[in-house]
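There are 2 protein chains.
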Amino acid sequence: MSLLATTIAAIGPLDTTARAAAAARQDRLTKPQGALGRLEQLAIQIAAITGRERPQIRRPAVVVMAADHGVAQRGVSAYPSEVTTQMVLNFLAGGAAINVLARHVGAEVLVVDMGVAAGLPEHPALIRRPVASGTADMTIEPAMSRAQAQQAVETGIAVVQEAIAAGIDLVATGDMGIGNTTASSAIVAALSGVTPAEVTGRGTGVDDAGLARKIAVIEQALALHRPDPRDGLDVLAKVGGFEIGGLAGVMLGAAARRVPVVIDGFISGAAALLAYALAPQIQPYLIAAHRSVERGHQAVFTRLDSEPLFDLGLRLGEGSGAVLAQSLCIAACRILDEMATFGEAGVSNRPAVE
Amino acid sequence: MSLLATTIAAIGPLDTTARAAAAARQDRLTKPQGALGRLEQLAIQIAAITGRERPQIRRPAVVVMAADHGVAQRGVSAYPSEVTTQMVLNFLAGGAAINVLARHVGAEVLVVDMGVAAGLPEHPALIRRPVASGTADMTIEPAMSRAQAQQAVETGIAVVQEAIAAGIDLVATGDMGIGNTTASSAIVAALSGVTPAEVTGRGTGVDDAGLARKIAVIEQALALHRPDPRDGLDVLAKVGGFEIGGLAGVMLGAAARRVPVVIDGFISGAAALLAYALAPQIQPYLIAAHRSVERGHQAVFTRLDSEPLFDLGLRLGEGSGAVLAQSLCIAACRILDEMATFGEAGVSNRPAVE
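Keeping their order, the protein sequence lines are chains A and P.
With our numbering, letter number 5 in the first sequence gets 5, and the count goes up by one each step, no holes.
In short: position in the second sequence from 1, add 1000, done, that's our numbering.
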């Protein structure tokens, strides 16, 4: 069997025993039951994923995957393709938003070249796994071959499982790729059945004409290729991107190892829909970080039946929202693990009202 | 002049020069303009409060004020009054939610006895400034005298200004006091003109009968005392609490020193309305952390024309949401201070679209 097939087969149901134990412990902690709201639910979910009543997170990491997109030449982005390369160098130098936020929350940043067109210099912090030098222009031909689509996903699986073997115990996803909101909108439209106009936003900031062009490009590509929504690899091959496929692989690979995955914004959301198309049982392993400004994001939450943790009006990608959510995951687990119980603290837990 | 009067007089307008410099710097950082949404606005607000283009936060603290409430004997809470004392001891032992979350975000916890009825043992981490042994039952007499109300507020000013003198540069507010959602709902109703039924929720978790009793108690107290909404001390004296007045003082004292204040949930929100009644110019110094489950919280945001940073379904108090928001404040300031500019990183900042 392929790495993809064995990985999908390894994603099992959550651990209901650990879930029940964590939920019971929440109710013994010195607070009114449920008073910490989503933090309590988050810790219980992580307990169920990891199979531990009191999960402890020691080494979070964000996997930031970068690649270029042939469709960028259609004028669908406010920035030129060379910005993909420049931003990867910025990640490696530690000057980008994701570096600052990851330092703030104590997460490692794993930068992966999934197919940056210009090529990148050797760098000790760069994981070089390019599938090709950027995708093809989806308005003319499929973005990639089916074999490349599988390679992208399997690269993500391999990268995350190497990181987990090295001790990473909470994964976040991040992306960089000029043109990748176009690919993501196409993926979300194909997999959710919503029209391109409803799931296409301004990305890094195109104007009205750019937005109209972007929607037309997606409609054109979907009409040309007719990707099969029951076949995740088909959708990825026809209208996807190497980093998006790689991120779907990161999610699958982490879930197969019972490691929770925090999903960033819209591009990561498109990757989550691909992962879900390939393995629907992945749903409870995914933690939606935040609601992006990008308008297609809601279709992702609807499809995954998930609700993001916060909405700070972010639209940057890179994993910027996901690392902030990792901090909430860690906080939630620390609450479950470190708070005193009513018994330990000698606090009355009996209603006063007659 | 009194400490209260000099403090109010010292709260000036924000620094527009620092604000403009911070906003200009945001637009030079390697991200699409505005792509970090509220994090960008938050850093700009903190720049304007502190008067520094690139504010750095090194020592955050949460001031948790505790006191008892005479009205608790009216059956308005799911827990008995002795829980106030027990939870303060839990804070001092490090076992409560606020301790865990403060450790997680690197904030110090300052526990202040503003009037716990049972009295508390000496403890090196306890700041003992009780105004009295709990308030009087507001359904029979004013909760406190006007002199006690002023003392409560001035105690808050003194406590926070001592902390700031010792190096604290970001303040959060937290509370503990069985019965204090009743006092807070009464304050919010009095100051916002909304009916008690609209601003009264279940607190730690009263049932329907308890909620009806709580609303009736507040209506009775407001009808008996008719607090003057133009006079913050009058409202505090008639239907408030020592910890709520103290937290209003914390806000005033911090703003007078140009230190940002992160407001926790509903009780802190009631304190913010008191501070705003005493000194309307405090509004831009306040950062609303989160939207609480407690239904009266929206009236606070409406009155202050503010929007909380997140909604995690919290209803615990203690400053639990505020310290999580402090982490966002620190992240926002680090973004502004540490990210590379387009020039520094050699990233193209010109639109690609023709």
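The beta-carbon is built from N, C-alpha and C at its ideal position, and this holds for glycine as well.
Just so we're clear, the structure is a prediction, and the values are computed from it rather than from any experiment.
Please look up how many angstroms separate the CB atoms of residue i and residue j, rounded, as I've assumed it's under 8 Å.
i, j, result
"P/H1069", "P/G1167", "In fact, because the Cβ distance is near 33 Å, the residues do not count as touching under 8 Å."
"P/R1054", "P/T1139", "Going by Cβ atoms, the distance from P/R1054 to P/T1139 rounds to 52 Å, so no, they are not a contact pair."
"P/V1116", "P/T1173", "With 8 Å as the limit, P/V1116 and P/T1173 do not qualify as a contact, their Cβ atoms being about 17 Å apart."
"P/A1096", "P/F1242", "Not quite, the Cβ-Cβ distance comes to about 20 Å (not below 8 Å), so this is no contact."
"A/I356", "A/A197", "Because chain A here runs from 1 to 354, residue 356 of chain A falls outside it and cannot be looked at."
"P/L1273", "P/R1303", "6 Å"
"P/G1313", "A/P32", "The Cβ separation is near 13 Å, so there is no contact."
"P/A1163", "P/A1061", "6 Å"
"P/V1160", "P/V1064", "Their Cβ separation, rounded to whole angstroms, is 12 Å, which puts P/V1160 and P/V1064 out of contact at 8 Å."
"P/L1233", "P/Q1150", "6 Å"
"P/S1348", "A/P80", "6 Å"
"P/Q1281", "P/I1011", "5 Å"
"P/M1001", "P/A1067", "P/M1001 to P/A1067, Cβ: 26 Å. No contact."
"P/A1043", "P/A1020", "That belief does not hold up - the Cβ atoms of P/A1043 and P/A1020 are roughly 13 Å apart, past 8 Å."
In terms of alpha-carbon separation, which member of the options lies closest to residue i?
i, options, result
"P/G1101", "P/V1323, P/D1027, P/F1310 and P/K1214", "For the record, residue 1101 of chain P in the displayed sequence is Leu; it is not Gly. P/L1101 has its Cα closest to that of P/V1323, out of P/V1323, P/D1027, P/F1310 and P/K1214."
"P/A1332", "A/Q283, A/V105 and A/E82", "A/V105"
"P/I1335", "P/D1015, P/L1029 and P/T1017", "P/L1029"
"A/F266", "A/D208, A/S292 and A/M65", "A/S292"
"A/V76", "A/P121, A/T182 and A/G253", "A/T182"
"P/L1110", "P/I1127, P/V1116, P/P1121 and P/A1136", "P/I1127"
"P/I1215", "P/A1005, P/A1172 and P/V1071", "P/V1071"
"P/G1317", "P/F1301, P/E1338, P/D1337 and P/H1290", "P/H1290"
"P/A1190", "P/F1301, P/I1011, P/V1239 and P/Q1033", "P/V1239"
"A/L170", "A/K31, A/Y79 and A/R258", "A/R258"
"P/Y1276", "P/G1249, P/D1264, P/E1294 and P/P1260", "P/G1249"
"P/A1107", "P/M1339, P/L1039 and P/S1327", "P/S1327"
"P/A1047", "P/A1237, P/G1156 and P/I1330", "P/I1330"
"P/A1345", "A/M87, A/L42, A/A21 and A/I49", "A/M87"
"A/I98", "P/N1349, P/M1339 and P/T1017", "P/M1339"
"A/T84", "A/D27, A/T17, A/I164 and A/G179", "A/G179"
"A/G51", "A/D208, A/G95, A/R213 and A/T17", "A/T17"
"A/T195", "A/G12, A/V347, A/P80 and A/A299", "A/A299"
"P/L1236", "P/S1185, P/A1254, P/I1263 and P/G1201", "P/S1185"
"A/A270", "A/Y285, A/A147, A/G245 and A/N90", "A/G245"
"A/R374", "A/P308, A/R295, A/P142 and A/A22", "Residue coverage of chain A in this structure runs from 1 to 354, which leaves residue 374 of chain A outside it and unanswerable."
"A/Q26", "A/Q56, A/D337 and A/A9", "A/D337"
"A/F301", "A/V199, A/A255 and A/A152", "A/V199"
"A/A158", "A/I57, A/A254, A/D305 and A/R59", "A/A254"
"P/D1175", "P/I1044, P/E1154, P/G1203 and P/E1307", "P/G1203"
"P/I1263", "P/M1144, P/I1287 and P/P1227", "P/I1287"
"A/G193", "A/A165, A/D228 and A/D207", "A/D228"
"P/M1144", "P/T1155, P/A1132 and P/E1154", "P/A1132"
"P/L1224", "P/A1022, P/Q1150, P/E1141 and P/E1082", "P/E1141"
"A/E307", "A/L14, A/P284 and A/I187", "A/P284"
"A/G156", "A/P121, A/L4, A/A21 and A/H123", "A/L4"
"P/D1013", "P/A1021, P/Q1045, P/A1035 and P/A1209", "According to the sequence as given, residue 1013 of chain P is Pro; it is not Asp. The shortest Cα separation from P/P1013 among P/A1021, P/Q1045, P/A1035 and P/A1209 belongs to P/Q1045."
"A/A256", "A/A212, A/I57, A/E154 and A/R226", "A/E154"
"A/F91", "A/G321, A/A125 and A/F342", "A/A125"
Kindly identify the DSSP beta-bridge partner or partners of residue i.
i, result
"P/I1263", "P/A1288"
"A/L170", "A/P60"
"A/L126", "A/V111"
"A/F310", "A/H290"
"P/D1175", "P/M1065"
"A/T195", "DSSP output for A/T195 lists no bridge partner at all."
"P/T1341", "P/L1029"
* Asked: What residues in the region 69–94 of chain A bring their beta carbon closer than 9 Å to a beta carbon of chain P?
  -> Taking 9 Å as the Cβ-Cβ cut-off against chain P, the residues of the region 69–94 of chain A that qualify are A72, G75, V76, S77, A78, Y79, P80, S81, E82, V83, Q86, M87, L89, N90, A93 and G94.
* Residues from the region 1279–1297 of chain P in contact with chain A, defined by Cβ distance under 8 Å -> Against chain A - using a Cβ distance shorter than 8 Å - the residues of the region 1279–1297 of chain P are V1293.
* Ordered list of beta strand (DSSP E) runs contained in the region 1004–1042 of chain P, each at least 3 residues -> DSSP runs (the beta strand (DSSP E)) wholly in the region 1004–1042 of chain P: none.
* To do: Give, in chain order, every unbroken run of the alpha helix (DSSP H) that is at least 4 residues long and sits entirely within the region 1207–1275 of chain P.
  => Entirely contained in the region 1207–1275 of chain P, the alpha helix (DSSP H) runs reaching 4 residues are, in chain order, 1208–1225, 1232–1239 and 1242–1256.
* **Any beta strand (DSSP E) of 3 or more consecutive residues that is wholly inside the region 85–117 of chain A** => The region 85–117 of chain A contains these whole beta strand (DSSP E) runs: 108–115.
* Can you give me, in chain order, the residues of the region 303–327 of chain A that have a beta carbon less than 8 Å from any beta carbon in chain P? => Across the region 303–327 of chain A, CB contacts with chain P closer than 8 Å involve L309, F310, D311, L312, G313, L314, R315, L316, S320, L324 and S327, in sequence order along the chain.
* According to a CB-to-CB cut-off of less than 9 Å, which residues of the region 18–36 of chain A neighbour chain P? -> Here the close residues are L29, T30, K31, P32, Q33, G34, A35 and L36.
* Members of the region 202–217 of chain A that neighbour chain P once the beta carbon cut-off is set at 9 Å -> Answer in chain order: G203, T204, G205, V206, D207, A209, G210 and R213.
* chain P contacts made by the region 95–111 of chain A, where a contact means CB separation under 7 Å -> Cβ contacts with chain P come from G95, A96, A97, V100, L101 and H104.
* With 7 Å as the C-beta to C-beta threshold (strictly closer), list the residues of the region 121–139 of chain A near chain P in chain order. => When CB distances to chain P are screened at a threshold of 7 Å, not a single residue of the region 121–139 of chain A falls below it.
* **Continuous alpha helix (DSSP H) assignments of at least 4 residues falling wholly in the region 1128–1157 of chain P** => Taken in chain order, the complete alpha helix (DSSP H) segments of 4 or more residues contained in the region 1128–1157 of chain P number zero; there are none.
* Which residues, in chain order, does the region 1336–1348 of chain P contribute to contact with chain A at a C-beta distance below 8 Å? -> Residues passing the 8 Å Cβ filter: E1338, M1339, A1340, E1344, A1345, G1346, V1347 and S1348.
* For the region 153–179 of chain A, which residues have a CB atom closer than 9 Å to at least one CB atom of chain P, in sequence order? -> Those residues of the region 153–179 of chain A that come within reach of chain P (Cβ to Cβ, closer than 9 Å) are I178.
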